[in-house]
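Protein chains in written order, with my numbering: chain A, 3 to 91; chain B, 35 to 410.
From the three backbone atoms N, C-alpha and C, an ideal C-beta is built for every residue, glycine too.
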Amino acid sequence: MIVKDEKLSVCVNKTIRFSFEREDNLLTAMENKNIDVHFHCREGFCGACRTKLLSGKVEYKVDPLACIEDDEILACCCIPVTNVEIETY
Amino acid sequence: MKYTTFNQQTTNTMEEPMFFGAPVNVARYDQQKHPIFEKLIEKQISFFWRPEEVDVSKDRVDFQKLTDAEQHIFTSNLKYQTLLDSVQGRSPNIAFLPIISLPELETWVETWSFFETIHSRSYTHILRNLFSDPSDIFEDIVTNEEIKRRATDISKYYDDLIYYTQLYQTQGEGVYTIDGQTHDVNLRALKKKLFLCMNSVNALEAIRFYVSFACTFAFAERKLMEGNSKIIKFIARDENIHLTSTQHILNLWIKGKDDPEMAEIAKECEQEAKDIFLLAVEQEKEWARYLFKDGSMLGLNEEILSQYVEYIANQRMSAIGMGQPFNVSSNPLPWMNNYLASDNVQVAPQEAEISSYLTGQIDSEVASAEFEEFEL
Numbered sequence: 003m004i005v006k007d008e009k010l011s012v013c014v015n016k017t018i019r020f021s022f023e024r025e026d027n028l029l030t031a032m033e034n035k036n037i038d039v040h041f042h043c044r045e046g047f048c049g050a051c052r053t054k055l056l057s058g059k060v061e062y063k064v065d066p067l068a069c070i071e072d073d074e075i076l077a078c079c080c081i082p083v084t085n086v087e088i089e090t091y
Numbered sequence: 035m036k037y038t039t040f041n042q043q044t045t046n047t048m049e050e051p052m053f054f055g056a057p058v059n060v061a062r063y064d065q066q067k068h069p070i071f072e073k074l075i076e077k078q079i080s081f082f083w084r085p086e087e088v089d090v091s092k093d094r095v096d097f098q099k100l101t102d103a104e105q106h107i108f109t110s111n112l113k114y115q116t117l118l119d120s121v122q123g124r125s126p127n128i129a130f131l132p133i134i135s136l137p138e139l140e141t142w143v144e145t146w147s148f149f150e151t152i153h154s155r156s157y158t159h160i161l162r163n164l165f166s167d168p169s170d171i172f173e174d175i176v177t178n179e180e181i182k183r184r185a186t187d188i189s190k191y192y193d194d195l196i197y198y199t200q201l202y203q204t205q206g207e208g209v210y211t212i213d214g215q216t217h218d219v220n221l222r223a224l225k226k227k228l229f230l231c232m233n234s235v236n237a238l239e240a241i242r243f244y245v246s247f248a249c250t251f252a253f254a255e256r257k258l259m260e261g262n263s264k265i266i267k268f269i270a271r272d273e274n275i276h277l278t279s280t281q282h283i284l285n286l287w288i289k290g291k292d293d294p295e296m297a298e299i300a301k302e303c304e305q306e307a308k309d310i311f312l313l314a315v316e317q318e319k320e321w322a323r324y325l326f327k328d329g330s331m332l333g334l335n336e337e338i339l340s341q342y343v344e345y346i347a348n349q350r351m352s353a354i355g356m357g358q359p360f361n362v363s364s365n366p367l368p369w370m371n372n373y374l375a376s377d378n379v380q381v382a383p384q385e386a387e388i389s390s391y392l393t394g395q396i397d398s399e400v401a402s403a404e405f406e407e408f409e410l
């Protein structure tokens, strides 16, 4: 059974694991954990925060305009909706 | 194929390639083959700004306080940016519009070029404020050897594509000798020229502005030339969108999501495209060397700027499948991000400097003489 309050877990580069505290987006969540992530616009159009999504699902809060592959996400404008494993560049 | 401003044949733009298909007719956006361009137009228009909204009058005082070496850095960067936007304000229109087959892409290119003309106007706005007569600065752009060398590399791919398109659209395919030079005009060769040109534009938007941006924001970190820095923040935000568009065009070709022949050409020209990017990186590093020839400025030197160019190049080359050729993984100038983040561009009205909310120029200096008429 899925407990509603259960926090989603985020695994970065196979080594760092933390729970998503309902931050505005995945980029802020990673920054709060002092993970070095690239960023510029923070609005989904520059692509600097491009991150590989190894497993799980994310949801976009604004339409991502930057160029990404099918297995990539833009950390600045998405939140995880399941547990996710990601890899930064 | 002859260019027409309104193609009277019925075309299905959902099946046309981005370039070199049937000429466009109705400017309709209800159906789009590549909706990303419509989204970019919306985003870009939402970023509309005017240089006159930014009060640059304090910059004149700051400029007098700069050392000679710093003044050289500041004006040289403005000259280089003026060159870049002079080219970008006209070239995408002239080179790409006659060969575009999708209305959403056509409108994107027009929107993109229009914003480059705003950038050009803003350089005049900045320079007019700093110098009573900015003519010397503008005139030097066409005679300065350092700038000329870059101008050649930036414009040659555009000029080549434009010339061959003109031959193709007026004469058709064939071999033509003009002024003693032979030109083999065929669609495949034209598409190759388009691919190389788009790579050159992509490298320009990705790399060529960033040494100048870094210097501008380094001045702003010292609370100097802040009006100028506000304008450059707007420009940097726009350039990021333009870059996204060229990355989309290149990736649509590379991944075979548009014209299948362009996918072949992308493969064929992979190394040549990469070399264009790497040359832009090299030229930006040389530019940093030229800027700092008389001395560096606080917080920046040639080495750290070169590292920043490599750092940016890694990100932007990997976005179009060129890998990360440079050994720089972390950002050597982390404070740059404060100026590149989009939500930092709109300044809150309660902040001391509300220049982005001005609708006209104001006099930000109040002399004590102005209170003479007041009596207590």
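The beta carbon of A31 of chain A does not come within 8 angstroms of any beta carbon belonging to chain B, so the residue lies off that interface. In the structure shown, S21 of chain A falls within a strand segment according to DSSP collapsed to helix, strand and coil.
Distance from Y342 of chain B to A237 of chain B at the Cβ level is roughly 16 angstroms; contact not present, criterion being Cβ atoms closer than 8 angstroms. Fully enclosed beta strand (DSSP E) runs of no fewer than 3 residues occupy 52 to 57, 60 to 62, 74 to 76 and 80 to 82 of the region 25 to 87 of chain A, in order along the chain. Contact check for A31 of chain A against H42 of chain A fails: the beta carbons are separated by 8 angstroms or more. Identification of chain B residues near F47 of chain A by a Cβ-Cβ cut-off of 7 angstroms yields K77, N274, I275 and T278, ordered along the chain.
Assignment of E89 of chain A by DSSP, reduced to helix, strand and coil, places it in the strand class. Between the C-alpha atoms of T186 of chain B and A347 of chain B there is a straight-line separation of about 21 angstroms. Taking the CA atoms as reference points, I81 of chain A sits about 11 angstroms from G58 of chain A. For I181 of chain B against T109 of chain B, the beta-carbon gap comes to about 11 angstroms, at or over 8 angstroms, which does not count as contact.
Nearest Cα to P368 of chain B within the set A:V39, A:V60 and A:E61: A:V39.
S120 of chain B counts as buried, since no fewer than 16 other beta carbons sit within 10 angstroms of its beta carbon. DSSP, reduced to helix, strand and coil, places V343 of chain B within a helical segment of the structure shown.
Minimum Cα-Cα distance from A314 of chain B among the listed residues B:N262, B:F243, B:F268 and B:A401 corresponds to B:F243. Our two residues, E87 of chain A and L136 of chain B, have alpha carbons roughly 38 angstroms apart in a direct line. When the alpha-carbon of I188 of chain B is set against those of B:V235, B:F229, B:Q42 and B:H282, the nearest one is in B:V235. Assignment of F53 of chain B by DSSP, reduced to helix, strand and coil, places it in the strand class.
By a beta-carbon distance limit of 8 angstroms, E260 of chain B contacts A254 of chain B. Their separation comes to about 6 angstroms. Look at L67 of chain A: its C-beta is under 8 angstroms from a C-beta on chain B.
Note that the C-beta distance between T278 of chain B and C78 of chain A is not below 8 angstroms.
With contacts defined as CB atoms closer than 8 angstroms, L28 of chain A and V60 of chain A qualify as a contacting pair. Counting of Cβ neighbours within 10 angstroms places N233 of chain B among the buried residues, the total reaching 16 or more.
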